[in-house]
Structures are given as C-alpha cells and as structure tokens.
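Trainee: With the UniProt record's numbering, the residue at position 581 of the sequence shown is 581, and numbering never jumps. Quick reminder that beta carbons are idealized off the backbone N, C-alpha and C, glycines included.
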Amino acid sequence: MTDTSNSNNDTITRSDNNSRVALSNKPFALTNAESIISDDDDSHQLDEIVSWQKTILNGFQSNRQPLARRKSSYKKKLPSSDPSEKQLLAHYVEEQQPEQPNYMKHPSVGQSSDLSLLCNPGTSQSSSLPSTSLRKHLKKASLLNTINRVFTRHDRHLQDTGNFGALLFFSPSTVPFLWAKLDSKGRKAPPVLLDALKLAITDSYNDDTYNWQSVFRIELKYGDVKWVIKRIGFDFVMLYLNLKKRNDLPHIPRLPTGIIDWLKAIMGRNHQSRQAKHQAAALQRRKDLENYLIELITVLKFSVAYDLYEFFELSAISITRDMGWKGKECYMDNKVERFRTPICSFKNSNEKWIKEWIIVRDSSPVPADVFLIDKYFKCEKLALHGLDRVMKRHGRVIIENSSRRIEIKGDARTLKEFFESIEKIKRASPWVIQHRFNSYAPIRENVKVKWYVDGKDYFFAVSQAIMAAKAEIYIEDWWLSPELYLRRPPSKNEEYRLDRLLKRKAEEGVMIYIIVYKEVKLALSLDSWHTKSYLQSLHPNIRVQRHPDHGPEGTVFWAHHEKMVVIDCRLAFIGGLDLCFGRYDTHQHELVDFNRATDDNISIWPGQDYSNPRVKDFVNVANYDAEIIDKSRVPRMAWHDVSIGTVGHPARDIARHFVQRWNFIKEEKAFGREKFPFLTPKAEYVSTRDESKFFGTCDVQLLRSSDFWSSGIKLENSIYNAYCHLIRTSKHFIYIENQFFITSTGPDPSHPIKNRIGECIVERIKKAHKNKEKFRIIVVMPLLPAFEADLNSKDAGTIRLVMHWQYISICRGGRSILEKLSEAGINPENYISFFALRGHDKIHDIDGHHSSTDSDDQFLDENPQHIANERIGGEPALPDGIKQKDSKQLHVTEEVYIHSKLMIVDDRFVLCGSANINDRSQLGNRDSEIAIVIEDKKTVDTFMDGKKYKASKFAYTLRKNIFKEHLGLLEPQDHSTITKSCLPPLNHEDLFIFSHEKEQTITSLLDEQISSQKNKSKHPTRENLIMDPLSDEFYDYWSKTAQDNTEIYRSVFKSVPDDNITDWEQYKKFVSNPTTMPIDANSQGYAEVERKLSNVKGHLVQFPTEFLNRENLMGSVTYSVTLAEIFT
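So, in structure tokens, the structure goes:
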C-alpha cells in the first residue's frame, strides 16, 4: 500500500499515452482533465474543486477518459445473507503469528523518533517562540544528525549521487524552475531530488532466468527508504538508447568502455566471458556501471527523465514517509476480471489490458488505486494460452482479496521479482493470516489504552487530540453534529465547538476525512446532508462521504453504526459515543440545564443539545439553536456511555478499517471525483519502528461487524465470536452494559432472533450450577427504549416492538434466558440479574424566566405546556402535584439512558465498542460495527469470592469506577473543572510552546489520570465493598440499593415501567392521566418528598421483568420476517 502523509502534490507519470497517476496532498488516484465528474448520488449539487486545486491538478491531467471499468466491475458481487449455522456457533479461532524478518524488527533501545504530535496550530508561530528556540532546534538537529550517523553505519557502501547538502540552500528560483520543467511529452518532473539518492551495485551473478546474462544487484536509498533492484546489461543499454534519442536532454554520457564488447560476448554465446570467471573483471564492471549511473544522475538532475526514474523504480510514492518496506515497482499490464456478465453484453473496454504503475508495499500491492491485503489475499500464476504459450513472452498472475480480483501480465523476469515481493509480504504481513475470533486485525501486545466513562471526559480528550493533529483526521459516526461543543460550558469554550476545531485544523493543512451514515429521512432526523454540506463549506481540506444509498443497489434497513476518531493514524478513539447532540454528560447525570441555586444561569446544553427523545425527538437539526423542549418544565434524558482511547498499532488497525470503508464508498459513489481521493493505511513496519515509545501493558485486538454492503468484503462477525467465547470461558463474573438485549437461547430456524449470546449465557450458568461454582452475571440496560410516544398510544408501535423482543430474550415467550434456566431446575436469581438507571433533579425558578437560548416557535408545539407535561412511556415529564407546594422548585425524574456497549469478564477482559447485543449489531451482515477486546497484563491485588485474586488493572479500574458511579459513591463533577485542570488556560500558540518545553506528547491523553483532581469516593470505607464483585456482601448492597431506589421512585413519581403493572388495565389505573402527576399533594407534602428523595443512592434501579407480562406488546402489528429483522 502507499501513503502520502507528508508529500505535496506529487506526480508519477507513465510513458504510455501520456497518462499519469497524481498524488494530491494525500493518497493517489487516476485523474483526468477531460473526464466527466460523476454525480455523488447523495449530493444535492456537485462539490466543486477549488481554484488552487484545479491549478495543481491541471498539471497531472491528460486526454484519457477515467477508468469507468473500476466502478462497474471492480468488485465481486458477494451474496449478503445471514451467517451460516457454523458461523452462529462461533467456534474459537486461534491467533496465528507472522514471521518477523529483519526489516520488521523492533527498534533498538534508545532509538530516536520524531513523534511529537503536538504541532503549532498557527502559521505565524515563530514570532511567539522564545528567544532560545533557535538554539534548541540547532541542538536537536545536531543530535538527530549524530543518531543518524550511528544508525546508518551499515549504509556506508552506498555512494552519494551528488552534493545533497548544497540542495538544502537552493536559490528561490530553483524549485519553480524544476516545477515548470517539462519533457518532450509535456510531463512535469515528479518531486524527487536525484541528488538525494544513494546507490551501490553490490553483486552480479549469472541466472538462467535471464538467459545466462549477468544480473546486477543495485541497492538504493532515498531518505530512510531502502530498496533493491535487479538489472541486466541489456537494461543499461536500453536506458542509454532511450535517453540518447531525447533532444530535450543534456549530453548523455557514453556507456563504460568495454561494456559493448562484453554484451557482444554474451550475444555470441561466449560462456567463459558470460560467467565472468575472473572476479577482478566482474568487480571492475560493477564499479564502472555504478560510476556511470552516478554520472548520469549528475547530468540529468535538473531534467525530466522518466526513463531514469523507471530504471530505478523510483516515484513520488516510493519516497513517501511512513510507507515502510518497499518492494517491486514498475509498469505492468492489468485488467479487472468480470465476475458477472450482464445479459446481452459484448466484449467492451472493461476487458482491455491497461498499463499502470504498480507498487508493492508491506501491506499492499497497488495498481493505480488501493488494493488492501487481507486474509483472503491470493497471488497465483495463470496458465498461458495461444501465442503467449508458444513464445513464452509473457506470464500472467492474479491478485485477489476479499473484495476484488485483478489479472496482471508481464515478462517472466518482472513477474519473478513481483512474486518475490509478494512472498515477503505473505511471510511477514499480519493481514494475510488467520486471527483470533476470525477478526481482520491481529492481537497487538504491549499497548497503551485508556477508558472514558460518560461524555465529558471523552469529548475533552477528543478535542485535545484534534488540536494535536498534524497530518490527517478520520471521523466516522452514525450521527455527527458539527455544532457540538466538546468542552462545557459553551459560553466559555466557543473555540472548542467541533466545526470550529475542524476548520482550524484544515486551515493548518490537516486533511480531514469524515464518513457519516446516510439516514432514511422518513425514519430519522439526523440530516446527514447538513453535516456534509456545512463541513465541506468550511474548508477544501474537509471531505465528507455519506453511505449507503437507499435505491435498488443500496440498503434501506441497515446502518453504519461505528463511532471512531483517528488522529494521524497514531491515536484513536472508539466506543458508544457519537460526536452529536444529546451525548454530553457527567457521572452525576443531571436532568436540568441550569440551577439558579448553584450557578449563574450558565447553560450547559444549548439548543437541541438539551434533549429528551422520549418527550420529543430531534427536529430540523440544522437549526441547532432551537429549543424543542421547554427547559423550565421538562427534564433532559441523561446519557451514560463508555469509550476507549488507544495509541500505536491498534490506532493503525482502526485507521485501516476506516480507509477500507472510505475507499469502498469512493469506488461505489465517487470514483471519478478527484475531491474524494483513495486513502492508504500506513505501513506495518513504520508502526513497529516509530511507536515504540507508546508501549503499554495491554494486549488488545480490534473486532468488527462488516459485510459486502458496508465495506465491500466477505462477512465478518468477529465481535459476535468474541462475545460468545468470552462468555463460554468466563470463570467467575460477567458485567454487561448495553443499550439493547435481544438474543436467542438455542438453534431454532423458525425463531427470528439468530445470535446465540443468550445460549452461551444459559450454558455457562448450567455449567456453574452443575459444578457447584459461584458464578454471577449482572446486566444493566435502559428501562425503556428511547422512542417518542406514550406506551399506550397508537404511535407506540416501535417502542413496544423493541420491548417485546427484549422481554422474549430475557424472561418470557418460552425461549428466554430466565425460562430456560428455570426449566433446568436452576433459580435464575442465583446467577443472573437485570438492572437499570434512573435519576431525579430539581428545576429551579419554574416561572419560565431563564437565560438560555430563546426557543424557536417553529419547532415547538403550539402549546408548550403540553410538551412539558406530556407523558412518554407512561412517566410524567412534569410532576404537577409537587409544584403546588413550592412554585419555585419542581422535582423531575427520568431514566438515565444506557447507551454503552460494554462487557467486563472476570475483571480480566474488557469488550467495548459500538455493537449492541442484538442481531443488527452481532450478525455482521446488518449494521456495521467496530469494537475492541482488551486484556491488561498488569495486575492488581483484589478479591474474588472472598479469595485473593490477580485482576487486570484496566478491567478492574473500569468496573470499579462504573460501580461507584451507579451506587452514588463518587463526588460530583463540575463541568468546567476538567477544562481548567486538563490544559493550562493558554491560547493555542502558548499551548504549543508549553507542550514542547515540557516534552509533552499526545500520549498524555492516555495517562491514567487526566484531571488534577481524582474521582474521590464519598465513602472510602466502601472501596473494599466493590472490590469483590462475587462476594455476598457486595451483591446484597448492590441489590438493596436498586430495590430501595426503585421503591422511592415508585412512591414519589409513580414512574413506569414498574413490576407491579402487568396489564393495560393496571397501567391505566397507575397512570390515570398522561398529562398530570398522579400524586395526591395533600397526602405527600414537599418536605416528605424531599426526605424520600434524599435517600436515593446513585442511579441504580431494578429492571422490571414483570412489566406488562400479561399483554402482547406487539398488539395488532402483523408479524413479518422483515419487520422482525429491523427490530432485532
């Protein structure tokens, strides 16, 4: 593969038909001035290339039409169907390890690397640097030069081809002169300085592959890129003749004396001369040819000589930084084999051979666009036919991965070298072998990882990472809100709004690539078109793609559900949090925006960011300032989530997944559009070389749910495999937090639910019961799905369907987990239990006077009071019975919506990502997902079932923090504290100086403690209580807290769902009026309510497994397979 992280607009031009490959700042793609740019199917209008880009691109363009064949038949149509029975069984797959050749070795201790990712965000930073900065830079340069001499001592045999030091001080006119220089075909020079090239002819030998001619082994080095080429004497002669016939070149030096006689001897079959028995003569011949090449470079260093570049297999892509090992690079004929032929189709241009520049790197061979190597990679020779078989002039090979197949043609000599490069990849690349859980990514050892609970810490870390970006930013979200504030309060952090941060980085030259889910407009109000059009209007360096289309070739039901942010392919975040409205929260999960009793009326959730989807879903999100619910009367829905940050190899793996998805979308929707370039992952070797300083203590592996519709690959459901394996092999305890819980307990073809995570749970509990082991599973999930409608209304079909399938999985319908355990004579309460989260708060000064952003009447119902008082899911948003006692304070309650996708096993393994426990996320062929499994090798001394236990530090600290939050054992967080404690109150230029003077790197984002204030426990004596998740003392306290909180909320608010309500009649009596609070104000005064609510501890409540258990929640909805697939 190739990467162009630091290259400027570079070109590689090939000799045929004046067609050329262009690299525009980032990756490369075939470009053409005369091409008709195809419409992006999701665009309301064409995205135009800005003038400065057109000026550069014009130099790369030819009269050749774009290769439309790659859009129509570039990929094989793979069947998209549910996983097979074998895949649903989720058998464990062992990890295979690749070989580690010399060029992939870990760096020596003390190796220097230039990995400081905190760069100066401005262009005029020099004026703000201290006076000692130049001295520091000179010292650093001197040190790097010394280190370079130490680590290049093995390259001393390589000869300099010119005075490279002088090139550092070119006159200002030199670069424009080189850029303006053209060859006889009107081609510009690639950005390669020939004087920077080092070479040596190190060996020569006779090879029957080359008709017993002498083969010269030439070692080359350009910067830190090294490679080897093989040439025969005839190649030197052809190079001389091709250059000699050019009238636009300076005088070409003659071949060394004796070379012609030597070639005549070869042609005359003089075996004694060909075999070069006299070593002195062979050595002299190599020396003469070496000097000849150096002389040739000296003559042509200011000329455009593509024959010379091709001879050296040198291109702009060759010298791109972070590309790792370089293999074969040359022109080769190739064509894309048609996997399916349309009816009434004749042979057309799609079947023609096309000559293109191919590069083999340590993770991919690249024919013009990007061809990723994966575990399905093949490289095979094809049998020759016809004239080729008789003449034996050409050989043919095919290269194939999980999404495409390309046939390549070349002479035997070129194909042999191509195969040698491919064999090196196959031996050393981690991408061509089988990985644990059948994942696309290998297990990465000694990795630094950090967890983030809830949105405040996560969004702050993301903002700091974005500010540190130097080269590229990748973002993929289900929903992305450009106007989201990453730091709060907004009034004090205007510059940290997402759109402003991205625009600023784009102005600094950082390329920003974003993928967002293209929603079905009738079902969702995400307005991804606003996200795309608005962000792209900020700066040309921001590129946004939406996927999928919803026509015949697209999909209607499935979504891209991944959430990821990647910075410079070195730092990455994944988890459950989208960068969108409604996600920011702290661990106390406040339900109101501002509190007159505690602050100065500062808004934390402006506009539509203050949301409660159970009351009113988002509307026209482009009008982000509009308040769609009344803050003075309606609580927000608190949001609980978990995300992960990591550096090094796992970040590269996440970036590779993003690159694969980006390129697939480009091929499908924007192949002819230069604005959306092909992206390339960074090399495996580079990851090993310059990220040694990011070593940590965790072993991690990336997992995904992906299929042909989402990524153009064969089905992968490694997240599902990991869930099943970790549950089956668990020894003591499992903690699960998930937005949904829809699963099957057995292989029933007639059952619409296919994933068997529930079966793994049942079998593991049966095993524990049989062996008389103490084993426990705790599941925490939302009280109700976040859909707008009262449960008993005609509009509640969606929420009732989701509830139906969850209850079918948990406790009713004959196939549920609890029922299967009871059938086996097991008391489920001894092994598994379900919980949820709920909060309460007080709205002060409810007379409606507040300083938040004015509401936009266009997006409010005609009667705001109706919105405020509306019951959603049977729960009152506004308890009217209480406010009569104190018109200035209003008690409100709402569920804390659990959106995390987390599983912690035995305080050893953590599985976290974007995947819910349902078929949509787990099967692989539906929603696309990404997740990570983590095992920390650093242990801490804890207890398990009263016995001493070695827990993994990462898993243990994460579980302990979450338990303390749910039980109310953490001190409250202030919204502005993290902003002031994580980063000094400096402007961005001062921050740059500060970070460099302190030698601070981006790894600080993953330090265990971001804030200067640790999360102190309110009850230090209870630390030991949550240390042992299997102890009776802990579980009794956990269960009692949930029970007490549930009873208090039932008494004060009559909140639903509730186990005491088993049918619709009881529901109507319990919730007699959906717009008023059903509390008798005369029997419960304000003081009594205050007393009861003061006894609530944390947010933990019981999940109501008996709620409406005598009702058919599907109601009159007609069952269909399609409908079941959508909601399962």
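1) Three-state secondary structure (DSSP) at lysine 301?
2) List the whole-angstrom C-beta distance separating isoleucine 777 from isoleucine 826, where the pair is believed to meet the contact cut-off of C-beta under 8 Å.
3) Figure out for me which residue from Ser928, Lys1054 and His649 has the closest Cα to the Cα of asparagine 918.
4) With DSSP run on the structure shown, which of helix, strand or coil describes valine 659?
5) So the alpha helix (DSSP H) aspartate 1032 belongs to, where does it begin and stop?
6) Compare the C-alpha of arginine 231 against each of Trp805, Leu249 and Leu308 and name the closest.
7) Exposed or buried, which one is glutamate 477 when buried takes at least 16 other CB atoms within 10 Å?
8) Please return the same chain residues whose Cβ sits closer than 7 Å to the Cβ of glutamate 562, not counting the five positions on each side in sequence.
9) From Lys953, Asn925 and Pro190, pick the residue whose C-alpha is nearest to that of aspartate 941; which is it?
10) Just how far apart, CA to CA, sit alanine 559 and valine 516?
11) Could you give the first and the last residue of the continuous beta strand (DSSP E) run that contains methionine 564?
12) May I ask you to verify whether the stretch 459-475 touches the stretch 494-513, counting CB pairs closer than 8 Å and requiring at least 3?
13) Does DSSP put valine 1089 in a helix, in a strand, or in coil?
14) Could you pull out every residue in the same chain whose Cβ sits closer than 7 Å to the Cβ of phenylalanine 1034, ignoring the five residues on either side in sequence?
15) Would lysine 901 pass as a contact of glutamine 739 if the rule is Cβ separation under 8 Å?
16) Using a threshold of 8 Å, state whether the C-beta atoms of cysteine 698 and isoleucine 934 are closer than that.
17) Does the beta-carbon of phenylalanine 676 have 16 or more other beta-carbons within 10 angstroms, so that it is buried, or is it exposed?
18) Would you mind giving the Cβ-Cβ distance between asparagine 334 and glutamate 407, rounded to the nearest angstrom? I have them listed as a contact below 8 Å.
19) What does a CB cutoff of less than 7 Å around arginine 546 pick up in its chain, not counting 5 residues either side in sequence?
20) Please look up how many angstroms separate the CB atoms of leucine 911 and leucine 726, rounded, as I've assumed it's under 8 Å.
21) Is threonine 478 helix, strand or coil by DSSP?
22) Could you check the C-alpha separation between threonine 414 and asparagine 401 for me, to the nearest Å?
23) Counting only the same chain and skipping the five closest in sequence on each side, list residues whose C-beta sits under 6 Å from that of tyrosine 624.
24) I need the boundaries of the alpha helix (DSSP H) containing arginine 800, first residue and last residue.
25) Bridge partners for threonine 202 per DSSP, in chain order?
26) Quick check: the stretch 437-451 against the stretch 619-634, are at least 3 beta-carbon pairs closer than 8 Å?
27) Use the C-beta contact count for tyrosine 376: other C-beta atoms within 10 angstroms, 16 or more gives buried, fewer gives exposed.
28) Using a Cβ-Cβ cut-off of 7 Å (strictly less than) and excluding sequence neighbours within five positions of histidine 539, which residues of its own chain qualify?
29) Looking only at DSSP bridge pairs, what is tryptophan 451 linked to?
30) Which residue marks the beginning of the alpha helix (DSSP H) containing alanine 955, and which one marks its end?
31) Using CA atoms only, rank isn't needed, just tell me which of Glu356, Leu197, Ser421 and Ser403 is closest to phenylalanine 664.
32) Taking the alpha carbon of aspartate 936 as the point to measure from, which residue in Ser1039, Val905, Ser537 and Ile1048 has its own alpha carbon closest?
33) So what does DSSP say about asparagine 620, is it helix, strand or coil?
34) Going along the chain, which residues of its own chain have a beta-carbon closer than 7 Å to the beta-carbon of glutamine 973, five neighbours each way excluded?
35) Can you grab the Cα-Cα spacing for the pair isoleucine 734 / leucine 702, in whole Å?
36) Whole-angstrom Cβ separation of isoleucine 574 and serine 525, contact assumed at under 8 Å?
Mentor: So, to answer that:
1) Counting from 1 along the sequence shown, the entry for residue 301 is found at position 301. It is coil, neither helix nor strand.
2) Sequence index remark: in the sequence shown, residue 777 carries index 777 (1-based). Sequence index remark: in the sequence shown, residue 826 carries index 826 (1-based). So it is not a contact: roughly 13 Å between Cβ atoms.
3) Taking the first residue of the sequence shown as position 1, residue 918 is located at position 918. Cα-wise, what sits closest to asparagine 918 is Ser928.
4) In the sequence shown, counting from the first residue as 1, residue 659 sits at position 659. In this structure, valine 659 counts as helix in the three-state DSSP scheme.
5) Position 1032 of the sequence shown holds residue 1032. Secondary structure note for aspartate 1032: its alpha helix (DSSP H) is the uninterrupted segment 1032-1053.
6) For the purposes of this step, residue 231 is identified with residue 231 of the sequence shown, where counting begins at 1. Answer by Cα proximity: Leu308.
7) Translated into positions along the sequence shown, residue 477 becomes position 477. Reading off the sequence, residue 477 comes out as aspartate, not glutamate. Under this definition aspartate 477 is a buried residue.
8) Stepping through the sequence shown from its first residue, residue 562 is reached at position 562. Within the same chain, glutamate 562 has close Cβ partners Glu476, Ser914, Ser928, Glu929 and Ile930.
9) Taking the first residue of the sequence shown as 1, we reach residue 941 at position 941. Closest in alpha carbon position to aspartate 941, among Lys953, Asn925 and Pro190, is Lys953.
10) The residue you call residue 559 lines up with position 559 of the sequence shown. The residue you call residue 516 lines up with position 516 of the sequence shown. Straight-line Cα distance between these residues: approximately 10 Å.
11) By one-based count along the sequence shown, residue 564 stands at place 564. Per DSSP, the unbroken beta strand (DSSP E) holding methionine 564 starts and ends at 564-567.
12) As far as the Cβ criterion goes, the stretch 459-475 touches the stretch 494-513, which means the pair count is three or higher.
13) The residue labelled residue 1089 in the question sits at position 1089 within the sequence shown. Three-state DSSP puts valine 1089 in a helix.
14) Locating residue 1034 in the sequence shown gives position 1034, counting from the first residue. Cβ within range, chain order: Leu1025, Ile1026 and Asp1028.
15) Locating residue 901 in the sequence shown gives position 901, counting from the first residue. Locating residue 739 in the sequence shown gives position 739, counting from the first residue. Between lysine 901 and glutamine 739, the gap from beta carbon to beta carbon is short of 8 Å.
16) Here residue 698 refers to the residue found at position 698 when the sequence shown is read from its first residue. Here residue 934 refers to the residue found at position 934 when the sequence shown is read from its first residue. The answer is yes: Cβ separation under 8 Å.
17) As a first step, residue 676 is located in the sequence shown; it is residue number 676 there, counting from the start. Result: buried.
18) As a first step, residue 334 is located in the sequence shown; it is residue number 334 there, counting from the start. As a first step, residue 407 is located in the sequence shown; it is residue number 407 there, counting from the start. Indeed, because the Cβ distance is near 6 Å, the residues count as touching under 8 Å.
19) Counting from 1 along the sequence shown, the entry for residue 546 is found at position 546. Asp42, Val516, Lys518, Ser528 and Lys532, listed in sequence order.
20) Residue numbering aside, residue 911 sits at position 911 when the sequence shown is read from its first letter. Residue numbering aside, residue 726 sits at position 726 when the sequence shown is read from its first letter. About 6 Å separates the beta carbon of leucine 911 from that of leucine 726, a gap short enough to meet the 8 Å contact definition.
21) Locating residue 478 in the sequence shown gives position 478, counting from the first residue. Inspection of the sequence shows that residue 478 is occupied by tryptophan rather than by threonine. DSSP, reduced to helix, strand and coil, places tryptophan 478 outside both helices and strands of the structure shown, so it counts as coil.
22) What you label residue 414 is simply residue 414 of the sequence shown in a count that begins at 1. What you label residue 401 is simply residue 401 of the sequence shown in a count that begins at 1. A direct Cα-to-Cα measurement between threonine 414 and asparagine 401 gives close to 22 Å.
23) Within the sequence shown, numbered from 1, the residue matching residue 624 stands at position 624. If we look at tyrosine 624 and ignore the five residues flanking it on each side, its Cβ neighbours are Glu483, Gly607 and Gln608.
24) Translated into positions along the sequence shown, residue 800 becomes position 800. DSSP places arginine 800 inside the alpha helix (DSSP H), whose first and last residues are 797-810.
25) Residue numbering aside, residue 202 sits at position 202 when the sequence shown is read from its first letter. Threonine 202 has no beta-bridge partner at all, per DSSP.
26) No, because fewer than three Cβ pairs between the stretch 619-634 and the stretch 437-451 fall closer than 8 Å, the two stretches do not touch.
27) Walking along the sequence shown from the start, residue 376 turns up at place 376. With fewer than 16 other Cβ atoms within 10 Å, it is exposed.
28) Numbered from 1 along the sequence shown, position 539 holds the residue referred to as residue 539. Only Lys503, Ala506 and Glu507 meet the Cβ criterion.
29) Your numbering for residue 451 matches position 451 in the sequence shown. The partner list for tryptophan 451 (beta bridge, DSSP) reads Ile644.
30) Residue numbering aside, residue 955 sits at position 955 when the sequence shown is read from its first letter. Per DSSP, alanine 955 belongs to the alpha helix (DSSP H) from 953-966.
31) On the sequence shown, position 664 is the one that residue 664 refers to. Checked all of Glu356, Leu197, Ser421 and Ser403; the closest Cα to phenylalanine 664 is Ser403.
32) As a working note, residue 936 is residue 936 in the sequence shown. Among Ser1039, Val905, Ser537 and Ile1048, the Cα nearest to that of aspartate 936 is on Val905.
33) Numbered from its first residue, the sequence shown carries residue 620 at position 620. The three-state reading of DSSP puts asparagine 620 in coil, since its state is none of H, G, I, E or B.
34) The sequence position of residue 973 within the sequence shown is 973, counting from 1. The beta carbon of glutamine 973 is closer than 7 Å to those of Lys456, Thr586, His587 and Gln588 in its chain, skipping five residues each way along the sequence.
35) Numbered from 1 along the sequence shown, position 734 holds the residue referred to as residue 734. Numbered from 1 along the sequence shown, position 702 holds the residue referred to as residue 702. CA-CA distance, isoleucine 734 to leucine 702, rounds to 20 Å.
36) On the sequence shown, residue 574 is found 574 positions in, with the first residue counted as 1. On the sequence shown, residue 525 is found 525 positions in, with the first residue counted as 1. Beta-carbon to beta-carbon, isoleucine 574 and serine 525 are separated by about 25 Å, too far to satisfy the 8 Å threshold.
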